[in-house]
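Participant: The structure's right below; bear with me while I get my questions together.
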Amino acid sequence: MAIVHDSKKACAVNPLKMSQPLGACYAFLGLASTMPMMHGSQGCTSFGLVLLVRHFKEAIPMQTTAMNEVSTILGGMDNIEQAVLNIKKRANPALIAIASTGLTETKGDDVDGYLRLIRAKHAETLDGTEIVYVSTPDYVGAFQDGWAAAIKALVAAFVTPAETRVTGRIGVLPGAHLTPADLEEVRELIEAFGLDAVLVPDVSGSLDGHIPEDFTPTTLGGATLDDIRGLGACEHVIAIGEQMRGAVERLEAIGVPCTLFDRLTGLTATDALVALLMRLSGKPAPARLKRQRGQLQDAMLDGHFHLGGKRVAIGAEPDLLFALSSLIAEMGGEVAAAVTTTHSPLLVRVPTEEVLVGDLEDLEMRAVGCDLLITHAHGRQAATRLGIPLFRAGIPQFDRIGTAHQLSVGYRGTRDLIFQLANIFLAHMHAHGPEDWPLPAEAVAAAQGQSAAGCGCASSSCSSVSDEVVIPIIPA
Amino acid sequence: MDARVSAKIQSVFEEPACEHNQNKDEKARKKGCTKQLSPGAAAGGCAFDGAKIALQPIADVAHLVHGPIACEGNSWDNRNSSTSGPQLYRTGFTTDIGELDVIYGGEKRLFKSIREIIEKYDPPAVFVYQTCVTALIGDDIEAVCKRAAEKFGKPVVPVNAPGFVGPKNLGNKLGAEALLDYVIGTEEPEVTTPYDINIIGEYNLAGELWQIRPLLDALGIRILSCISGDGRYHEVAQSHRAKAAMMVCSKSMINVARKMEDRYGIPFFEGSFYGIEDMSDTLRQLARLLVQRGAPADLLDRTEALIAVEEKRAWERIAAYRPRLEGKKVLLITGGVKSWSVVAALQEAGLEVVGTSVKKSTKEDKEKIKEIMGEDAHMIDDMTPREMFKMLRDARADIMLSGGRSQFVALKAKMPWLDINQERHYAYAGYEGMVDLVREISKTLFNPVWEQVRAPAPWETPALEEAC
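Protein sequences, first through last, are from chains A and B.
Be aware that the first sequence starts at 13, since it is given in our numbering, and climbs by one per residue.
Be aware that the second sequence starts at 158, since it is given in our numbering, and climbs by one per residue.
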């Protein structure tokens, strides 16, 4: 049971956190033929867009209402109207998905009201394009909260109670911490039981790095509006990550049976999913899954030598933090430092003593003496200063390619993740030297026939003076 | 709007050294040089982004962003401006304001943040960046910075360029204004020489400054301050003692160059490091200005001698690529970099420039392009991604050189692409840079990967299809 603290600092140093509207737009990027848009100044979109481009190495369709100070003060109705009409004309998407920002939330724009007026005024022009809006102020919550809010808004806007359930149709609500490769793995797991998987949103359809036939100004794939609407008629909905609880509750309220998994990384976690799929399909697990499970068991046996006893510092959003920490703990490692971005009921269950809602400076201070740092690419400076390896997890990873295909769920994903982590330790194995086992001053003194008390030596190896090692963040 | 920001923006718009501006009538000038953005069809950064780009390369300063997490959290440590020493500029500082700060005001948090930074990191100065939300709720960053500077005995510089006042380009200038108001001329250098210059508007992207520096070092020219690439706070504070200045041609800091001329009598010229002739021209102008300001006249001859040697060496190395590159077609879509200066180098390597963007070029630039490329030069004012895609797909070009924004247009068309914008990781300045650029083009064009990705899949092969 972890104690959860908030950082007491006034100034965040080296942010771990990204903002809510970006998380919301990332969710919208998993919808087909969609144009995500931030209602804010053009910089809000530009920063988020550049971040996602650098992470995925893909074109990211994302627009802005380009608010300036006058339009902010007078209200953004005109800008939203113009933006919606412009997007309709230029890209003709099936969905325009709008997320608010700190700027327009501070002003207090009534976007829902604006949209009703705009729809009424331009009913004909906007025919064939849906518009959805989610409130995501920058100064509240973090990336995964924005993702969660966006999916909740999509469910609220498009899912209606169904008369009958479609047998074998399994809805999936993935959290923001799952990669396109993770989603593909979940889909394959479900399909392995002869079931149909409908993922909402589905970034594996849009950000998996495929090459389309022609130029498209909107998203390149993902969940369709019909997929979203169809959630109401699913036989069962599987949600992955505590962040999806809000959307799950909405679906349950209209009678959709749901199961929420707090993670799908690890043997027991995957077993739970497989058990559910066996029950839902009434079919036994296929042979290849059984073989994969065996491979994972073997990976755990091989890997525990290298992960056991290792001290790991993790900085990640709550759901990713929980998944990674749980695996490290299950492999015999110690989560010695855990820093996250936002609150979640999951945090108390992270297998560590303390979880801090803070930044990468907090993580760096707590990571002194650790063997491995796990966080997104911004941890690179900290890892260098600490002199320990960095394993990149989460968004952004602007200094790596292939991030969409990082796999960490299911039997295969867990197996590969264990291999990667163990290999880092193997690559950084400490070769022992003659100075590694110095005698304490007491012993040396005793051997030289001196009194043990009151050692006056100033040698750095002398235990009576060496306090804990503190590595300054900025070398003097 | 904050009256001070408003006045600043007006003064920036009235820039007398900008020819572009001088050709406008009174009314157009007042409206400023920023196009109204079109909601739903806009791209590019905000004023805050611009201010940060302009100032962040000052490497030993703590850059503190006062605003919600988006402004710093979504963007920090994402630029490729290099440093030869301090790393503090790569540390992300933000007040990360929450809901309660929005309601009660964020000034106290800002003040405490400045204190925390000074206590923990002890930088020579703290720069505080205003953002939209904190501007909207009326946080007075000038007052907080003034109080903090008094209290902590250290320069604390307000950079008042909230995102919503305009685009990136305006932010560059507002950031530069903060230097003029609070930094430049506040300290004296220990020694000065007749060879002291400032380079203004150079950000040392991918370390490009270091492709230029050896040339200046060889001539005995000292960069008193580069504003702001690989910059140091004290250097910028002492930069008013330079004898001459070069303003890098993108004009992003024209106000600094012009106001330093007005205030301290430092003559400047507009030059470019891109392209061989441009580089030589820049060296000549620097030497000429320094000699005018009292440097020994032999500098001119030494400069010519250096140019002769370096030009010859560069042209020879570029010409070596001619057999390989002869007749290959290039589509050149650049932003601020003067298109024609790069065109000359590409032509020398045997490449045919089938089109070049002139969106940000001046009238003279266009004339120059015609001179180099001929009357029927294909100048592109504003090309949509769809048009670019089509042009590449139809193989009217073999390679596209552009900024990162259109990168995927080329790659998804399975066409070679080379990054020549500010996010690039290769340095293309000076004589060395042009040779490197041609080498990169050659490397990209002849990568065997293109042939493979364009090959049809097994199920697209008719014979196989029939057999199945």
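For each residue, glycine too, the CB sits at the ideal point set by N, CA and C.
#1: Which same chain residues, not among the five before or five after B:Ile254, have their C-beta less than 6 Å away from its C-beta?
#2: Using C-beta distances below 7 Å, list every residue in its chain close to B:Ala650, excluding the 5 sequence neighbours before and after it, in chain order.
#3: How close, in whole Å, do the beta carbons of B:Glu229 and B:Gly207 come, if the pair is a contact with beta carbons under 8 Å?
#4: Residue range of the beta strand (DSSP E) that B:Lys486 falls in?
#5: Mind checking which residues open and close the beta strand (DSSP E) that includes B:Trp233?
#6: Within 10 Å of its beta-carbon, does A:Met441 have 16 or more other beta-carbons around it, so buried, or fewer, so exposed?
#7: With 16 as the cutoff for other CB atoms within 10 Å, does B:Lys485 come out buried or exposed?
#8: Taking one C-beta from the region 271-290 of chain A and one from the region 244-253 of chain A each time, how about it: are there three or more such pairs within less than 8 Å?
#9: If you draw a straight line from the alpha carbon of A:Pro357 to that of A:Ala328, how long is it in whole angstroms?
#10: Output yes if chain B places a C-beta closer than 9 Å to the C-beta of A:Ser471; else output no.
#11: Could you tell me if A:Leu438 is buried or exposed, where buried requires 16 or more neighbouring beta carbons within 10 angstroms of its beta carbon?
#12: Using DSSP's beta-bridge definition, name the partner residues of B:Gln287.
#13: In the DSSP output, which residue or residues are listed as bridge partners for A:Asp18?
#14: Counting only Cβ pairs nearer than 8 Å, list the residues of chain B close to A:Asn98.
#15: Give me the Cα-Cα distance between A:Cys467 and A:Asp448, rounded to the nearest whole angstrom.
#16: Measuring alpha carbon to alpha carbon, tell me which residue in B:Thr240, B:Gly197, B:Tyr246, B:Ile271 is nearest A:Arg102.
#17: Does the beta-carbon distance from B:Phe425 to B:Thr439 come in below 9 Å?
#18: Does B:Gly320 get closer than 9 Å to chain A when you measure Cβ to Cβ?
#19: At 8 Å on the CB atoms, spell out the chain A contacts of B:Val290, in chain order.
#20: Starting from B:Met530, trace the alpha helix (DSSP H) in both directions and tell me its first and last residue.
#21: Got a sec: is the Cβ-Cβ distance from A:Phe410 to anything in chain B below 9 Å?
#22: Quick one: what's got a C-beta closer than 8 Å to B:Lys325's C-beta in the same chain, skipping five residues either side?
#23: Output needed in chain order: residues of the region 232-248 of chain B with a Cβ under 9 Å from some Cβ in chain A.
#24: Note down, in chain order, each residue of its chain lying with its Cβ closer than 7 Å to the Cβ of B:Thr460, except the 5 sequence neighbours on either side.
#25: Apart from the five residues just before and just after A:Lys322, which ones in its own chain have a Cβ nearer than 6 Å to its Cβ?
#26: Going by beta carbon distance, what residues of the same chain come within less than 8 Å of B:Ile464, once the five residues before and after it are set aside?
#27: Going by Cα to Cα distance, which pick from B:Met545, B:Asn317, B:Ala306, B:Gly364 is closest to B:Ile274?
#28: Alpha carbon to alpha carbon, what distance is there between A:Ile326 and A:Leu97?
#29: For A:Ser476, which three-state DSSP category applies?
#30: Kindly provide the ranges of any beta strand (DSSP E) runs that are 3 or more residues long and lie completely inside the region 248-286 of chain A, ordered along the chain.
#31: If you run the structure through DSSP and keep just helix, strand and coil, what is A:Gln75?
#32: Go ahead and label B:Tyr261 buried or exposed: buried means 16 or more other beta carbons lie within 10 angstroms of its beta carbon, across all protein chains shown.
#33: Within a Cβ cutoff of 7 Å, which residues of the same chain sit near A:Ala297, ignoring the five residues on either side of it in sequence?
#34: From the DSSP output, read off the bridge partner residues of B:Asn355.
#35: Please go through the same chain and pick out, in chain order, the residues whose beta-carbon is closer than 7 Å to the beta-carbon of A:Ser19, but skip the five residues on each side of it.
#36: Is B:Asp374 a contact residue of the ligand FMN, with contact defined as CB to any heavy atom under 8 Å?
Facilitator: Quick look at the numbers:
#1: One-based indexing of the second sequence puts residue 254 of chain B at position 97. Within the same chain, Cβ atoms closer than 6 Å to the Cβ of B:Ile254 are found at Pro225, Gly263, the five residues on either side in sequence being excluded.
#2: Residue numbering for chain B in the displayed model covers 158 to 625; residue 650 of chain B lies beyond these limits and cannot be assessed.
#3: Within the second sequence, the letter at position 72 stands for residue 229 of chain B. Within the second sequence, the letter at position 50 stands for residue 207 of chain B. Under the criterion of beta carbons closer than 8 Å, B:Glu229 and B:Gly207 do not qualify as touching, at roughly 15 Å.
#4: For the purposes of this step, residue 486 of chain B is taken as the residue at position 329 of the second sequence. Its beta strand (DSSP E) spans residues 486-489.
#5: Counting from 1 along the second sequence, the entry for residue 233 of chain B is found at position 76. That residue, B:Trp233, is in no beta strand (DSSP E); it is neither H nor E in DSSP.
#6: The residue you call residue 441 of chain A lines up with position 429 of the first sequence. With a threshold of 16 other beta carbon atoms within 10 Å, A:Met441 falls short and is exposed.
#7: Position 328 of the second sequence holds residue 485 of chain B. Burial call: buried.
#8: For the pair of segments examined, the region 271-290 of chain A was found to touch the region 244-253 of chain A: the number of CB pairs separated by less than 8 Å reaches three.
#9: By 1-based counting over the first sequence, the position of residue 357 of chain A is 345. By 1-based counting over the first sequence, the position of residue 328 of chain A is 316. Here the alpha carbons of A:Ala328 and A:Pro357 stand approximately 15 Å from one another.
#10: The sequence position of residue 471 of chain A within the first sequence is 459, counting from 1. For A:Ser471, the pLDDT reaches just 48, beneath the cut-off of 50, and the residue's location in the model is therefore unreliable, leaving the point undetermined.
#11: By one-based count along the first sequence, residue 438 of chain A stands at place 426. When all chains shown are included, A:Leu438 counts as exposed.
#12: Position 130 of the second sequence, counted from the start, is the residue given in the question as residue 287 of chain B. Bridge partners of B:Gln287: B:His223.
#13: Position 6 of the first sequence, counting from 1, holds the residue named residue 18 of chain A. Beta-bridge analysis with DSSP links A:Asp18 to A:Val369.
#14: Walking along the first sequence from the start, residue 98 of chain A turns up at place 86. Within chain B, the residues placing a beta-carbon under 8 Å from that of A:Asn98 are Ser195, Pro196, Gly197, Ala198, ordered along the chain.
#15: Here residue 467 of chain A is taken as the residue at index 455 of the first sequence, counted from 1. Here residue 448 of chain A is taken as the residue at index 436 of the first sequence, counted from 1. Its pLDDT being 48, under 50, A:Cys467 is placed unreliably in this model, and the coordinates cannot settle the point.
#16: On the first sequence, residue 102 of chain A is found 90 positions in, with the first residue counted as 1. With distances taken between Cα atoms, A:Arg102 lies closest to B:Gly197.
#17: For the purposes of this step, residue 425 of chain B is taken as residue 268 along the second sequence, with counting starting at 1. For the purposes of this step, residue 439 of chain B is taken as residue 282 along the second sequence, with counting starting at 1. At least 9 Å separates the beta-carbon of B:Phe425 from that of B:Thr439.
#18: Here residue 320 of chain B is taken as the residue at index 163 of the second sequence, counted from 1. Chain A, which has a Cβ nearer than 9 Å to the Cβ of B:Gly320, makes this yes.
#19: On the second sequence, residue 290 of chain B is found 133 positions in, with the first residue counted as 1. Simply Gly114, Leu115, Thr118, Asp150, Tyr151.
#20: Locating residue 530 of chain B in the second sequence gives position 373, counting from the first residue. Following the DSSP letters along the chain, one finds B:Met530 inside the alpha helix (DSSP H) bounded by residues 520-530.
#21: For this step, residue 410 of chain A is matched to residue 398 along the first sequence. A:Phe410 belongs to the set of residues whose beta carbon lies under 9 Å from a beta carbon in chain B.
#22: By one-based count along the second sequence, residue 325 of chain B stands at place 168. Excluding residues up to 5 positions away in sequence, Gly201, Gly202, Cys203, Ala204, Asp206, Gly207, Ile210 lie with their Cβ nearer than 8 Å to the Cβ of B:Lys325 in the same chain.
#23: For chain A, the residues of the region 232-248 of chain B that bring a beta carbon within less than 9 Å of one of its beta carbons are Ser232, Trp233, Asp234, Asn235, Pro243, Gln244, Leu245, Arg247, Thr248, in chain order.
#24: Along the second sequence, read from residue 1 onward, the residue named residue 460 of chain B stands at position 303. Excluding five sequence positions before and after B:Thr460, the CB atoms of its chain that fall closer than 7 Å to its own CB belong to Leu376, Leu440, Arg441, Ala444, given in chain order.
#25: Residue mapping note: residue 322 of chain A aligns to position 310 of the first sequence, counting from 1. Same-chain partners within the cutoff: Gly345, Asp383.
#26: By 1-based counting over the second sequence, the position of residue 464 of chain B is 307. The residues are Ser437, Leu440, Arg441.
#27: Within the second sequence, residue 274 of chain B is the residue found at index 117, counting from 1. Closest in alpha carbon position to B:Ile274, among B:Met545, B:Asn317, B:Ala306, B:Gly364, is B:Ala306.
#28: The residue labelled residue 97 of chain A in the question sits at position 85 within the first sequence. The residue labelled residue 326 of chain A in the question sits at position 314 within the first sequence. The C-alpha of A:Leu97 lies about 44 Å from the C-alpha of A:Ile326.
#29: Locating residue 476 of chain A in the first sequence gives position 464, counting from the first residue. Bear in mind that the predicted position of A:Ser476 carries a pLDDT of just 46, short of 50, making it unreliable; the figure below should be weighed with that in mind. Coil, per DSSP.
#30: Complete beta strand (DSSP E) runs here, min 3: 270-273.
#31: Indexing the first sequence from 1 puts residue 75 of chain A at position 63. It is a strand residue.
#32: In the second sequence, residue 261 of chain B corresponds to position 104, counting from 1. It counts as exposed.
#33: To locate residue 297 of chain A, count along the first sequence from 1; it is residue 285. Exclusion of the five residues before and after A:Ala297 leaves Val286, Met290 as the residues of its chain whose Cβ lies within less than 7 Å of its Cβ.
#34: Here residue 355 of chain B refers to the residue found at position 198 when the second sequence is read from its first residue. In the DSSP output, where bridge partners are listed per residue, B:Asn355 has B:Ser382, B:Ala402.
#35: Taking the first sequence and counting its residues from 1, one reaches residue 19 of chain A at position 7. These residues qualify, in order along the chain: Leu368, Val369, Gly370, Asp371, Asp374.
#36: The ligand content of the structure shown is nil, which means the ligand FMN is not present either.
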